Amino acid sequence: MNTRLEKNLNKNDNIPRHIAIIMDGNGRWAEKRGKLRICGYKNAIHSIKDAINGCKELGIPYITLYVFSYENWNRPKEEINQLMNLFHSHFKKYLKEMDDSNIRILTIGELKKFSYNIQKDLVLFVNQTKHNTSITLVLALSYGSRIEIIEATKKIAKQVSMGCLSIEEIDDSFFKKNLYTKDIPDVDLVIRTSGEQRLSNFLLWQSAYAELYFTDILWPDFRKQDLFAAIENYKRRKRRFGKIA
Ligand code: IPE
Ligand code: IPE
Ligand code: MG
2 MNTRLEKNLN
12 KNDNIPRHIA
22 IIMDGNGRWA
32 EKRGKLRICG
42 YKNAIHSIKD
52 AINGCKELGI
62 PYITLYVFSY
72 ENWNRPKEEI
82 NQLMNLFHSH
92 FKKYLKEMDD
102 SNIRILTIGE
112 LKKFSYNIQK
122 DLVLFVNQTK
132 HNTSITLVLA
142 LSYGSRIEII
152 EATKKIAKQV
162 SMGCLSIEEI
172 DDSFFKKNLY
182 TKDIPDVDLV
192 IRTSGEQRLS
202 NFLLWQSAYA
212 ELYFTDILWP
222 DFRKQDLFAA
232 IENYKRRKRR
242 FGKIA
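Residue numbers (this note's numbering): 2 to 246.
Right, dumping it as structure tokens:
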């Protein structure tokens, strides 16, 4: 680790509890090299490992990775097929490695849109790693905040219409319990790579008070020191949550 960053970061004070990463710029990374877009996704694995290991070193207990959005289903069929093949082969390949590293894996998103094989991989991931304790890795797959909030609203409305719930009981914490992320703390820091400065329907409820960090680095080039730079920047932020400092 870069010694200056190490000195600043190892204090453990003001370290985020949950960071969420929009891993963007994979296609552009490949196109810049005259390669097929899928090559960018294949080169993303090094960045993913670095981000997880960096969080582990800093004692950040939760990391959420935006792997595939609900809107990404609208991409060309060929790209979707290549991505699905890659997911299936990678999920198989990395399960043991994740488990051996004591990583607990959770998933959020509309998983039923995936093929039976991929759903099976994901159930195995979650079940096999559920007692692991080094870090919780949340994979956002077929994830969109709006659909998540709509589904939560439907569940709650059903309970009200059946007379099991009164409208007065619906508050922030009750609503949260109906989201995919019910057992996961709110996001402290959102990182987006590739220079785009938007949330793209990612964790809108959970990031209500998150700090946002944007970098021009394309995701396949993102390394541990880039994560540490983001955390160092986060540590300098003054979070007020509507109060006075
Ligand atoms: C994000 O990378 C990952 C997925 C959507 C699967 P992109 O595919 O959006 O890469 P760019 O933004 O086109 O470079
Ligand atoms: C967001 O990136 C989704 C993921 C990183 C998985 P996109 O590339 O799909 O977002 P937009 O279309 O640029 O907003
Ligand atoms: Mg993109």
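Beta carbons are placed, not taken as given, at the ideal position from N, Cα and C, and that holds for glycine.
No experiment lies behind these values; they were computed from the predicted model shown.
For Glu170, the number of other beta carbons within 10 angstroms of its own is below 16, and it is reported as exposed. When DSSP reads this structure, Ile192 sits in a beta bridge with Ile22 and Tyr214. For Gly26, same chain residues with a beta-carbon under 6 Å away, outside a window of 5 residues either side, are Thr194, Ser195, Leu219 and Trp220 in chain order. Rounded to the nearest angstrom, the gap between the Cα atoms of Ala52 and Gly164 is 46 Å. Thr65 has Ala21 and Val139 as its beta-bridge partners, per DSSP. Here Glu149 has Leu180 and Tyr181 as same chain residues with Cβ atoms under 7 Å from its own Cβ, once five neighbours each way along the sequence are excluded.
Relative to the Cα of His47, the nearest Cα in the group Ala230, Ala153 and Phe223 belongs to Phe223. Closest in C-alpha terms to Asn128, from the list Tyr117, Ser116 and Thr108, comes Thr108. For Thr108, the enclosing beta strand (DSSP E) begins and ends at Ile104 to Ile109. Contact between Tyr144 and Tyr71 holds: their C-beta atoms lie close to 6 Å from each other, under 8 Å. Remark: fewer than three beta-carbon pairs, one from each stretch, lie closer than 8 Å, so the stretch 131–142 and the stretch 150–162 are not flagged as touching.
Among the bridge pairs identified by DSSP, Tyr181 is matched with none. Relative to Phe229, the option among Glu79, Asp100 and Leu190 whose CA is nearest is Leu190.
For ligand 3, the residues with a Cβ under 7 Å from any of its heavy atoms are, in chain order, Asp25, Gly26, Gly28, Ser195 and Glu197. 8 Å or more divides the Cβ of Leu123 from the Cβ of Val68.
By DSSP's assignment, Ser70 forms a beta bridge with Tyr144.
His91 places its beta carbon 8 Å or farther from that of Tyr63. The C-beta of Gln198 has fewer than 16 other C-beta atoms within 10 Å across all chains shown, which makes the residue exposed. Non-local C-beta neighbours of Tyr210 in its own chain, meaning closer than 8 Å and more than five positions away in sequence, comprise Asp187, Arg240 and Phe242, ordered along the chain.
Burial check for Ala153: the Cβ neighbour count within 10 Å reaches 16 or more, so the residue is buried. Per DSSP, reduced to three states, the secondary structure at Gly60 is coil, with no helix or strand assignment. Under the criterion of beta carbons closer than 8 Å, Tyr235 and Pro17 qualify as touching, at roughly 6 Å.
In the three-state DSSP reduction, Asp222 falls in the helix class (H, G or I). Inclusion of Leu87 and Met24 in the CB contact set at 8 Å is not warranted, their separation being larger than that value.
Straight through space, the alpha carbons of Gly41 and Asp217 are spaced by roughly 16 Å.
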